[in-house]
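Below is one structure, written out as structure tokens; the observations come after it.
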Amino acid sequence: NEEKPLNFIDSIIAEDLNSGKISGVITRFPPEPNGYLHIGHAKSICLNFGLAKKYNGKCNLRFDDTNPTKEDEEFCNAIIEDVKWLGFEGEILFSSDYFEKMYECAVLLINKGLAYIDDLSPEQMREFRGTLTESGKESKNRNRPKEENLKIFKDMRAGKYRDGELVLRAKIDMSSPNINMRDPIIYRVLHAKHHRSGDKWCVYPMYDFAHPIEDAVEKITHSICTLEFEDHRPLYDWVIDNCEFDPKPHQYEFARLNLTNTIMSKRYLKKLVDDKFVDGWDDPRMPTISGLRRRGYPAKAIREFCEKIGVAKANSEVDSALLEFCVREELNVSAKRRMAVLDPIEMIITNYNGSEKLDIEMKAGENAESRQVDFSGNLYIEREDFAVNPPPKYHRLTLGGFVRLKGAYIVKCDKFDSGSDGRVERVYCTIMENSKSGSDTSGLKVKGVIHWVDKNTAIEIQANKYSALLNDQD
Ligand code: ATP
Ligand code: MG
Ligand code: MG
């Protein structure tokens, strides 16, 4: 491919293809169906699907559904919809379809003397694991004979043990400087109904064991995840090697997206939904894809944003103003403009009788479009577009001043009425001769253009204005 690499992962893929290490690219986007997707996920979606597309490869939409107590079909469906809306499509796969394969891999490890059943309590487990400066301690069960491990593991699957009673651990190295390698748990007993496999299983694999197997089964070439998994990569490779997979997927890490004025942890977002602080996962203030969609953000703007922020190896926080900038840029070319007055005052044009239809621009630029809009001598304008005591550089309407009504005429303000509360209620204006937009020969130069609606034909709307989800910058 002749295009310039988009980021460091793109460069790695280009190299792997050039050297013949791989013949095609297969990536995956692996959400856990325990919530709705957010803008952070969009970064991962654009990266994974984008790279597959660039190299004519494939990207799987894989549900990482190995944690039955938190997962749900509602979330799966919402995720499928959001990925599609963002403009991507992939084969839909489920980790739970590989439970049998994962079980076989665990048996293989036991047979190779690389896994054992342990009964340490969670507290002991923590204590035995050691710390960064202190080596771990071996459990007395570490050298349990293989036959015994096999038999107990079968009994675990058969439901003979209670939740938390026993675990299967990988036998790696209790003195490894990497704590993830200190005999991590790879299977646990959990009597829970799974949203797809039902009651079939009462043992479930842990993420660090399941994920590499899922990647290997799907022949993923580049398994892209966020930075916090960097320390898990040795375990990822250990599982792939010892479960004897070929070809071997490789894990690459990139910085997750953090945005100002919002939060991106699904756990936290779920709490906002469950405790009814928001109107649902698609509340327009939420950073979820469905929330942004409901807010009116175009998918293209989100893709553009993901491209702009790039893919790096260091964590940082992106200003949410950049996302808003991308949205405005896109709406500027794609949105059909309407005029709306949110806080109205009346405008009476004293030298205009009757009505007419004016051609008002809806879209500018290459794909310019216009529409017919009713105009009369009785309009509404925005309260803030008229000032009794104008601040410096105020270019809108003032007493005795001029302004252009968008797509219509230049008017001069002759007087205004205030209500008993002192607030302006109505302005009286006159249209200047020969000042109609498009055929203006008045010679008048006015700096301000304001929008308006015709009082008699305007329709009432509900306008929702949203601020940030969080007030605090951090
Ligand atoms: P959360 O912490 O919000 O629950 P998660 O990583 O647990 O996120 P998953 O459903 O497991 O959520 O994520 C699916 C994919 O999306 C993973 O590959 C993950 O790396 C990626 N991802 C999640 N959050 C972000 C983010 N903020 N920026 C970039 N990628 C992300
Ligand atoms: Mg996760
Ligand atoms: Mg999570």
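Remember, the working numbering sits 73 above the position in the sequence shown when you count from 1. Each residue gets a CB set at the ideal place from its N, CA and C atoms; glycine is no exception.
- Only buried fits Gly-364, as 16 or more other CB atoms lie within 10 angstroms of its CB.
- Burial check for Glu-291: the Cβ neighbour count within 10 Å reaches 16 or more, so the residue is buried.
- The beta-bridge partner set that DSSP reports for Ser-428 consists of Ser-449.
- If one requires a minimum length of 4 residues, the alpha helix (DSSP H) runs lying completely within the region 143–221 are 146–158, 172–184 and 195–202, in chain order.
- Taking C-beta atoms as the reference points, Met-247 and Ser-208 count as a pair closer than 8 Å.
- By the Cβ criterion, the region 143–159 is not in contact with the region 190–206, since fewer than three pairs of Cβ atoms, one from each stretch, lie closer than 8 Å.
- Under DSSP, Gly-271 takes part in a beta bridge, and its partners are His-267.
- When the Cα atoms are used, Tyr-280 and Ile-534 turn out to be separated by approximately 49 Å.
- CA-CA distance, Glu-439 to Asp-314, rounds to 56 Å.
- Secondary structure in the region 332–405: the beta strand (DSSP E) runs of 3 residues or longer, each lying completely within the stretch, are 389–391 in chain order.
- Per the coordinates, the alpha-carbon of Asp-513 lies some 25 Å from the alpha-carbon of Lys-528.
- Remark: the C-beta of Met-337 is in contact range of ligand 1, defined as less than 7 Å to any heavy atom.
- Between Ile-99 and Thr-299, the C-beta spacing is not below 8 Å.
- Looking at the DSSP output, His-284 bridges to nothing.
- In this structure, the CA atom of Ala-115 is about 11 Å from the CA atom of Tyr-109.
- In the structure shown, Arg-242 falls within a strand segment according to DSSP collapsed to helix, strand and coil.
- Taking the Cβ of His-114 as the reference point, at least one heavy atom of ligand 1 falls within a distance shorter than 7 Å.
- Runs of the beta strand (DSSP E) lying entirely within the region 476–516, each at least 3 residues long, are 483–491 and 497–504 in chain order.
- Phe-327: member of the beta strand (DSSP E) spanning 323–327, first to last residue.
- Beta-bridge pairing by DSSP links Tyr-277 to Arg-261.
- Note that the C-beta distance between Leu-415 and Glu-455 is below 8 Å.
- The beta carbon of Gly-492 lies closer than 6 Å to those of Glu-498 in the same chain, with the five residues before and after it left out.
- Distances from the alpha-carbon of Asn-150 to those of Ile-165, Thr-142, Asn-140 and Lys-143 put Ile-165 closest.
- His-264 is classed as exposed because its beta carbon has fewer than 16 other beta carbons within 10 Å across all chains shown.
- Rounded to the nearest angstrom, the gap between the Cα atoms of Gly-427 and Met-359 is 47 Å.
- For Glu-177, the distance from the CB to the nearest heavy atom of ligand 1 is not below 7 Å.
- Around the beta carbon of Phe-167, 16 or more other beta carbons lie within 10 angstroms, which makes this residue buried.
- The region 316–331 and the region 170–188 touch, with no fewer than 3 CB-CB distances between them shorter than 8 Å.
- In terms of Cβ geometry, Ile-422 and Cys-502 form a close pair [threshold 8 Å].
- Shown here for Val-391: same chain residues with a beta carbon closer than 8 Å to its own, the five before and five after excluded, namely Leu-330, Asn-331, Leu-332, Thr-333 and Ile-382 in chain order.
- Set against 7 Å, the gap from the CB of Asp-137 to the closest heavy atom of ligand 1 is smaller.
- One alpha carbon belongs to Ala-283, the other to Ser-338, and they sit about 22 Å apart.
- Here the distance from the Cβ of Cys-486 to the nearest heavy atom of ligand 1 is not below 7 Å.
- Between the region 137–152 and the region 259–275 there are three or more C-beta pairs closer than 8 Å, enough to call the two in contact.
- Within a 10 Å sphere around the beta-carbon of Leu-205 sit fewer than 16 other beta-carbons, which makes this residue exposed.
- In this structure Phe-122 touches Phe-102 by the C-beta definition: roughly 7 Å separates them, less than 8 Å.
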